[in-house]
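Enquirer: Pasting a structure below so you can have a look.
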Amino acid sequence: MNTMISHVLFVTLLAIHVCTCTTPHSDCANLPTFSSVSIGDCTEQPCILKSGTTVKFDLGILVHGYTTSMKVKIVAYAMGATVSYPLQNDDVCSNLTDAECPLDDGELVNYELLFPILESFPAVPCIVTVTVTSDQGIQGCMTVSLQVVK
Numbered sequence: 001m002n003t004m005i006s007h008v009l010f011v012t013l014l015a016i017h018v019c020t021c022t023t024p025h026s027d028c029a030n031l032p033t034f035s036s037v038s039i040g041d042c043t044e045q046p047c048i049l050k051s052g053t054t055v056k057f058d059l060g061i062l063v064h065g066y067t068t069s070m071k072v073k074i075v076a077y078a079m080g081a082t083v084s085y086p087l088q089n090d091d092v093c094s095n096l097t098d099a100e101c102p103l104d105d106g107e108l109v110n111y112e113l114l115f116p117i118l119e120s121f122p123a124v125p126c127i128v129t130v131t132v133t134s135d136q137g138i139q140g141c142m143t144v145s146l147q148v149v150k
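Just so we're aligned, residue 1 is where the sequence shown starts under full-length UniProt numbering, counting upward by one.
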């Protein structure tokens, strides 16, 4: 009986964990999607991001075609302007948490992107597009609504 209660409790806690780690987002039209998306503790849009902090994006990528390298690109759309966000490290392979490049077709990997929310960012709503590409083309793309707060 105790084993069954422990099992039910474990499954319940796991389900709660899975449900609270998913961030609502939109897929990019006609492009491969991420198998999972988690942005900090965000559970609804817009995601509220505090200026001066670093937010962790966890992205699940289902690899399309054998690939030796992948890069990430972030583009923000705010107040009628489009801005590419310069990353210190755009190399996806160096931040995979459970694999190393090269990667095989059909492999499911997890990528951790640390996204600094600079003090210079204006406190305005924006739409951010995250795209991961490889020598085989786009591996995943999504958009999310963000709001920077001071």
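Beta carbons are placed, not taken as given, at the ideal position from N, Cα and C, and that holds for glycine. Model, not experiment: these values are computed from the prediction.
Between the segment 94 to 104 and the segment 20 to 34, do three or more beta carbon pairs fall short of 8 angstroms?
Expert: Touching, no, given that fewer than three Cβ pairs across the two stretches are closer than 8 angstroms.
Enquirer: Under a three-way DSSP split, which group does Ser-69 fall into?
Expert: If DSSP states are grouped into helix, strand and coil, Ser-69 belongs with coil.
Enquirer: Give me the Cα-Cα distance between Val-109 and Asp-41, rounded to the nearest whole angstrom.
Expert: If you take the alpha carbons of Val-109 and Asp-41, they lie about 21 angstroms apart.
Enquirer: From this set, Lys-150, Phe-34, Thr-143, which residue's C-alpha is nearest Ala-76's C-alpha?
Expert: Closest by alpha carbon: Thr-143.
Enquirer: Run the CB neighbour count on Pro-32, radius 10 Å, all protein chains shown included, and call it buried at 16 or more, exposed below.
Expert: Buried, because 16 or more other Cβ atoms sit within 10 Å of the Cβ of Pro-32.
Enquirer: Buried or exposed for Val-128, please, with buried defined as at least 16 other CB atoms from any protein chain shown within 10 angstroms of its CB.
Expert: Answer is buried; the Cβ neighbour count reaches 16.
Enquirer: At the level of alpha carbons, what is the spacing between Val-55 and Ser-38?
Expert: Between Val-55 and Ser-38, the C-alpha separation is close to 10 angstroms.
Enquirer: Residue range of the beta strand (DSSP E) that Asn-110 falls in?
Expert: Taken as a continuous stretch (DSSP letters only), the beta strand (DSSP E) holding Asn-110 covers 108 to 116.
Enquirer: Going by Cα to Cα distance, which pick from Pro-122, Gly-60, Lys-73 is closest to Ser-84?
Expert: Checking every option, the nearest Cα to that of Ser-84 belongs to Lys-73.
Enquirer: Hey, would you say Asp-90 sits closer than 7 angstroms to Lys-71, going by beta carbons?
Expert: For Asp-90 and Lys-71, yes; Cβs fall inside 7 angstroms.
Enquirer: Starting from Gly-137, follow its DSSP beta bridges and name the residues at the other end.
Expert: In the DSSP output, where bridge partners are listed per residue, Gly-137 has Ser-134.
Enquirer: What separation, rounded to the nearest whole angstrom, lies between the Cα atoms of Val-126 and Glu-44?
Expert: As written in the sequence, residue 126 is Cys, which differs from the Val given in the question. Roughly 14 angstroms separates the two Cα atoms.
Enquirer: Determine the closest residue to residue 152 out of Lys-50, Val-124, Gly-52, with distance taken between C-alpha atoms.
Expert: Because the chain is modelled from 1 through 150, residue 152 falls outside the range shown and cannot be assessed.
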